[in-house]
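Chains R and A supply the protein sequences, listed in that same order. Residues in the first sequence are numbered consecutively from 2, following my numbering. Residues in the second sequence are numbered consecutively from 13, following my numbering. Glycine is no exception: its CB is placed at the ideal position from the N, C-alpha and C atoms. Bear in mind that the values here come from a model prediction, so they are computed numbers and not experimental data. Everything on this sheet refers to the single structure shown next.
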Amino acid sequence: MTDWIDISSLDAVPQRGARLVKTVHGCVAIFRTGADEVFALDNACPHKNGPLAEGIVHGNSVTCPLHNWVISLETGLVQGPDEGKVATYPARVEGGRILLNAEFLRQRAVA
Amino acid sequence: MTQKLIVIGAGMATGRALEHLLEADPNAYEITLFNAEPRGNYNRIMLSPVLSGDKSYAEIVTHDGAWYADNKVTCRFGERIASIDRAAKTVTAENGDVLPYDKLMFGTGSNPFIIPMPGHDLEGVIAYRDLEDTECMMSLGETHKVVVIGGGLLGLEAAAGMATRGVDVTVVHIMGHLMERQLDEAAGYLLRKALVDKGITVRCSANSKEILGENGKVRALLLDDGTELPCDLLVMAVGIRPNVKLAQDAGLAVGRGIHVDDQMVTSDPDVLAVGECVEHNGAIFGLVAPLYDQAKVAAKTLLSQDAKFVPKEISTKLKVTGCDLFSAGDFAESEGREDIVFRDPARGVYRRLLIENNAIVGAVMYGDTADSNWFFGLIRDKTDISDMRETLIFGPAYQGGGASDPLLAVAALPRDAEICGCNGICKGQIEDAIAAGATDLSAIKATTKASASCGTCTGLVEQVLAVTLGDDFVMPAAASICACTDMTHEDVRRMIKSQELKSMPAVWQACGWKTSCGCHVCRPALNFYLLADWPLEYTDDPQSRFINERKHANIQKDGTFSVVPRMWGGITTPNELRAIADAADKYMVPTVKVTGGQRIDLLGVKGEDLPSIWKDLNDAGMVSGHAYSKGLRTVKTCVGTDHCRFGTQDSTGLGIKLEKTLWGSWTPHKLKLGVSGCPRNCAEATCKDIGIICVDSGYQISIGGAAGMDVKETELLIQVASEDEAIDVIKAVTQCYRENAKYLDRIYKWMGKVGLVWITDQIQNRENRAALVARFEQSQSVYRHDPWAEHVAKAETYQPIADLVLEAAE
Chain R
2 MTDWIDISSL DAVPQRGARL VKTVHGCVAI FRTGADEVFA LDNACPHKNG
52 PLAEGIVHGN SVTCPLHNWV ISLETGLVQG PDEGKVATYP ARVEGGRILL
102 NAEFLRQRAV A
Chain A
13 MTQKLIVIGA GMATGRALEH LLEADPNAYE ITLFNAEPRG NYNRIMLSPV
63 LSGDKSYAEI VTHDGAWYAD NKVTCRFGER IASIDRAAKT VTAENGDVLP
113 YDKLMFGTGS NPFIIPMPGH DLEGVIAYRD LEDTECMMSL GETHKVVVIG
163 GGLLGLEAAA GMATRGVDVT VVHIMGHLME RQLDEAAGYL LRKALVDKGI
213 TVRCSANSKE ILGENGKVRA LLLDDGTELP CDLLVMAVGI RPNVKLAQDA
263 GLAVGRGIHV DDQMVTSDPD VLAVGECVEH NGAIFGLVAP LYDQAKVAAK
313 TLLSQDAKFV PKEISTKLKV TGCDLFSAGD FAESEGREDI VFRDPARGVY
363 RRLLIENNAI VGAVMYGDTA DSNWFFGLIR DKTDISDMRE TLIFGPAYQG
413 GGASDPLLAV AALPRDAEIC GCNGICKGQI EDAIAAGATD LSAIKATTKA
463 SASCGTCTGL VEQVLAVTLG DDFVMPAAAS ICACTDMTHE DVRRMIKSQE
513 LKSMPAVWQA CGWKTSCGCH VCRPALNFYL LADWPLEYTD DPQSRFINER
563 KHANIQKDGT FSVVPRMWGG ITTPNELRAI ADAADKYMVP TVKVTGGQRI
613 DLLGVKGEDL PSIWKDLNDA GMVSGHAYSK GLRTVKTCVG TDHCRFGTQD
663 STGLGIKLEK TLWGSWTPHK LKLGVSGCPR NCAEATCKDI GIICVDSGYQ
713 ISIGGAAGMD VKETELLIQV ASEDEAIDVI KAVTQCYREN AKYLDRIYKW
763 MGKVGLVWIT DQIQNRENRA ALVARFEQSQ SVYRHDPWAE HVAKAETYQP
813 IADLVLEAAE
């Protein structure tokens, strides 16, 4: 029943890097960790809307390029002394392809 | 009426005694201070960090000219006392001045012992005692060989300091293992292994026979087994002898040192002595803690107050980065003594406790000395350990419940636990200082002196601050690179070189990184170190670079970028300007700005448009200006002899040549140059990282300027006659900076640590300069190219990987 959208091959996103997916309501950042896990988050830091996809990925976190806020890729929660949360969306890898849950688009459309 | 006090020797003991005296009663004495060294009091035990480049001389001065002036101490530095007439109570200075005294205080210190073997008077044979010796060692580099005789504390600190500078060092030690007075054989072995890993050659059980020379200068050390060890410098660090000559001539009672009683008074009631020159109850003193106690007593005696000097248990820590070593008490084996030993070979940890009558009498720790203060407390207080004997060796965390957090261990220390061994400061005194308003390390240093001497307790003091202040105290991260590792930048860099670590995973593994793949703080630093040290072997990792260097443009607050094409030496053409104008129109660049580095900034370019705008600029013959990099930015110039009526040389031409030579290079921080055609300095060269001022006779090259958060004027490195030589010098100094500076240190910060003298020596030595230039060129063979052109070829990576706008519309 769940509807997964094939986004791209895993190789299109560098290890410890990110690429963007355009949607009607702004960009979603697709992150790939050093362990080849994939996460999808809004491409905006809760602090000053910094483009998270341009940050440095380490472990399962990314550091915002503007003011070094560290955000968990798993939960979207801001780490350390700062507070805030980034919206996360279900993503997975299957057969070397990155898949995003279609549900998220509808949720975003509503939100 | 004010009495006259004459002090002989401005060392750590007399310095401290004067502090106590002036604090208690600033008007008791009119003070005259003689010192044979041409300077005031500095922290002699910090010479090793100066040698290794961790500190500068300025940082270890304890009393500067202003202090002496404020306290009305008459200074006669660089002057010796010729004789003393105790009957008349006068001293005669070298220049013949006769000065009367009411009280006289000796602080003549000690002389390094020079083994009187053949050749000991050759040039290039030195001791390790004062700033001159240290500077002599600091002038050496990778092309030099040094032999250190003596494997004790001082000899090893000297050896390690020079090894850090790339010097080929051999330590020759007469005993079977290193530091035999403080360490047992097993700890000596671990220490030796650590030093060998740092590239130091260690020869134990080696007897020196003769120092061989050539033209009056040292050439090699000959051992009695016939081995010749070639060297450019020979350092003798085999011990000290109290300096008693003057006291002896004055007829004072002298043994090995100047005899003093518990009040620090010599055989003459008006003459006192403190420090390394004294002998008290048959003992002489070489470590700083008892000297400070003596100073306190001497000050009270001078004020006719009661005080008594009681020698205390002392402990030793070695100040060599990466060798954690602690020793205290007595550890000779004898009847009735038992050992508890703990080893963890994998971690390189060794601990040994000597127990006598249910109390610890000695402790040796290697590799993990975190609990050393706790053990030292048990030794000093002669605590009965029978109840905790089974778990004793594991440290305080295992006594009555686990506590792995180091802060808990510090929190559990009693108020009288000694934190600063040098100054005898207990935890309670630090807590009191915090209660009185001290909220950071420097305030604690200023009010209690804790950690102000050798500095090894800095971490503990900070932990006391953290425990007492809670969240109000932010632990300074100066020590390690980041939370991923306990190692400092310097440690890691040394590992990269000595262990030939050529990839990031190799560094993480060998240096015990605590995270899977580092963080945004350590990865850019490691990427730079690997790139700088292994330019041909290591491949740059874009994912470990800050976005600006990954995308070769500067990110702006709204996520757009700025694009700055290179204008060599600030020179452009109508065609280039037309291409820039066209690009600005085509990509709807909202802001076009002229920069301080003599070029044009296009601000507000969308990330997706970067490859296309680069392509357009490339087509017009322009390349990346690296306005975003920790690397060469611009070379600012004036018009020089081309147009200016004052110009002495072709400053524009030189600027262009320099920019074409240096562009693309990565450095620890950004690198900005300026070339001015005459001393009117229109290119503002003297506030750049490297500045060149052209003069009639050639080129003055100066370094270490800045005009950012700090504003600094450059200091003259060298003047050369020709343009070619100027370019070589600049390549060499850039390479030297790249190989030695900490990531994110501009040249002026690096210079503050290693000293301009050391840098000048590296550059002035022709052979060394040529080697630096060769290594610079080797690295540039990889990096002197346009990153924009390269990225145009992979333009698709700048676009989104998928466009779901239509899907959502369904």
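Chain A within 8 Å of residue i, Cβ atoms only
{"i": "R:ALA13", "result": "yes"}
{"i": "R:LEU67", "result": "yes"}
{"i": "R:LEU42", "result": "no"}
{"i": "R:ARG20", "result": "yes"}
{"i": "R:VAL39", "result": "no"}
{"i": "R:LEU78", "result": "no"}
{"i": "R:GLU104", "result": "no"}
{"i": "R:ILE57", "result": "yes"}
{"i": "R:ILE31", "result": "yes"}
Classification of residue i by the beta-carbon crowding that lies within 10 angstroms, buried from 16 upward
{"i": "R:GLY97", "result": "exposed"}
{"i": "A:THR603", "result": "exposed"}
{"i": "A:PRO281", "result": "exposed"}
{"i": "A:ASP399", "result": "exposed"}
{"i": "A:ARG268", "result": "exposed"}
{"i": "A:THR585", "result": "exposed"}
{"i": "A:GLN260", "result": "exposed"}
{"i": "R:PHE32", "result": "buried"}
{"i": "A:GLN521", "result": "exposed"}
{"i": "A:GLN15", "result": "exposed"}
{"i": "A:LEU63", "result": "buried"}
{"i": "A:PRO812", "result": "buried"}
{"i": "A:LEU589", "result": "exposed"}
Any chain R beta carbon closer than 8 Å to residue i
{"i": "A:GLN731", "result": "no"}
{"i": "A:CYS216", "result": "no"}
{"i": "A:ALA415", "result": "Bear in mind that a pLDDT of 40 at A:ALA415, under 50, signals an unreliable position, so the model cannot answer this."}
{"i": "A:ALA495", "result": "no"}
{"i": "A:LEU481", "result": "no"}
{"i": "A:PRO602", "result": "no"}
Top-ranked residue by Cα proximity to residue i, from the options
{"i": "R:ASN61", "options": "R:LEU101, R:SER10, R:VAL71", "result": "R:VAL71"}
{"i": "A:GLY90", "options": "A:ILE20, A:ASN123, A:LEU59", "result": "A:ILE20"}
{"i": "A:ALA295", "options": "A:THR664, A:GLY225, A:VAL322", "result": "A:VAL322"}
{"i": "A:HIS803", "options": "A:ILE759, A:ALA593, A:GLY686, A:SER636", "result": "A:SER636"}
{"i": "R:PRO82", "options": "R:HIS48, R:VAL29, R:PHE40, R:TRP5", "result": "R:HIS48"}
{"i": "A:THR572", "options": "R:PRO66, R:VAL79, R:PHE40, R:LEU11", "result": "R:PRO66"}
{"i": "R:PRO52", "options": "A:ILE18, A:GLN568, A:GLY643", "result": "A:GLN568"}
{"i": "A:LYS754", "options": "A:ASP142, A:VAL266, A:ASP66", "result": "A:ASP66"}
{"i": "A:GLN774", "options": "A:SER60, A:ILE43, A:HIS156", "result": "A:HIS156"}
{"i": "R:GLY18", "options": "A:ASN123, A:GLY686, A:PRO554, A:GLY676", "result": "A:PRO554"}
{"i": "A:ALA423", "options": "A:CYS434, A:VAL208, A:GLY440", "result": "A:GLY440"}
{"i": "A:ALA733", "options": "A:ILE742, A:SER709, A:MET721", "result": "A:SER709"}
Interface residues of chain R facing residue i [CB-CB closer than 8 Å]
{"i": "A:LYS569", "result": "LYS49, LEU67"}
{"i": "A:VAL817", "result": "LYS23, THR24, VAL25"}
Partners in chain A for residue i, counting only beta-carbon separations shorter than 9 Å
{"i": "R:GLU75", "result": "What R:GLU75 touches in chain A: nothing, since even the nearest Cβ is about 14 Å away."}
{"i": "R:ILE116", "result": "Only positions 2 to 112 of chain R appear in this structure, which leaves residue 116 of chain R out of reach."}
Contacts that residue i makes with chain A (C-beta to C-beta distance below 8 Å)
{"i": "R:GLN16", "result": "GLN555"}
{"i": "R:GLY35", "result": "SER528, CYS529"}
Residues that residue i contacts on chain A, provided the C-beta gap is smaller than 7 Å
{"i": "R:GLY60", "result": "THR527, SER528, CYS529"}
Cβ-heavy atom distance, residue i to the ligand FAD, below 7 Å
{"i": "A:LEU34", "result": "In the structure shown, the ligand FAD is absent, as is every other ligand, since no ligand is present at all."}
Inset, instruction - Report the residues of the region 573 to 591 of chain A with a CB closer than 9 Å to any CB of chain R, ordered along the chain. - result: Cβ contacts with chain R: none found.
Inset, instruction - Return the residues of the region 521 to 543 of chain A that lie within a Cβ-Cβ distance of less than 8 Å from chain R, sorted by chain order. - result: Only THR527, SER528, CYS529, GLY530, CYS531, HIS532, ARG535, PRO536 from the region 521 to 543 of chain A bring a Cβ to less than 8 Å from some Cβ of chain R.
Legend entry - the region 549 to 565 of chain A: positions lying closer than 9 Å to chain R by Cβ: Per Cβ criterion, the list reads ASP553, PRO554, GLN555, SER556, ARG557, PHE558, ILE559, ASN560, ARG562, LYS563.
Inset, instruction - Please list the residues of the region 83 to 95 of chain R that have a C-beta atom closer than 7 Å to any C-beta atom in chain A, keeping them in chain order. - result: From the region 83 to 95 of chain R, no residue has a Cβ closer than 7 Å to chain A.
Inset, instruction - May I ask you to list, following chain order, the residues of the region 795 to 814 of chain A that have a beta carbon less than 7 Å from some beta carbon of chain R? - result: Of all residues in the region 795 to 814 of chain A, the ones placed with a Cβ closer than 7 Å to any Cβ belonging to chain R are PRO812, ILE813, ALA814, in chain order.
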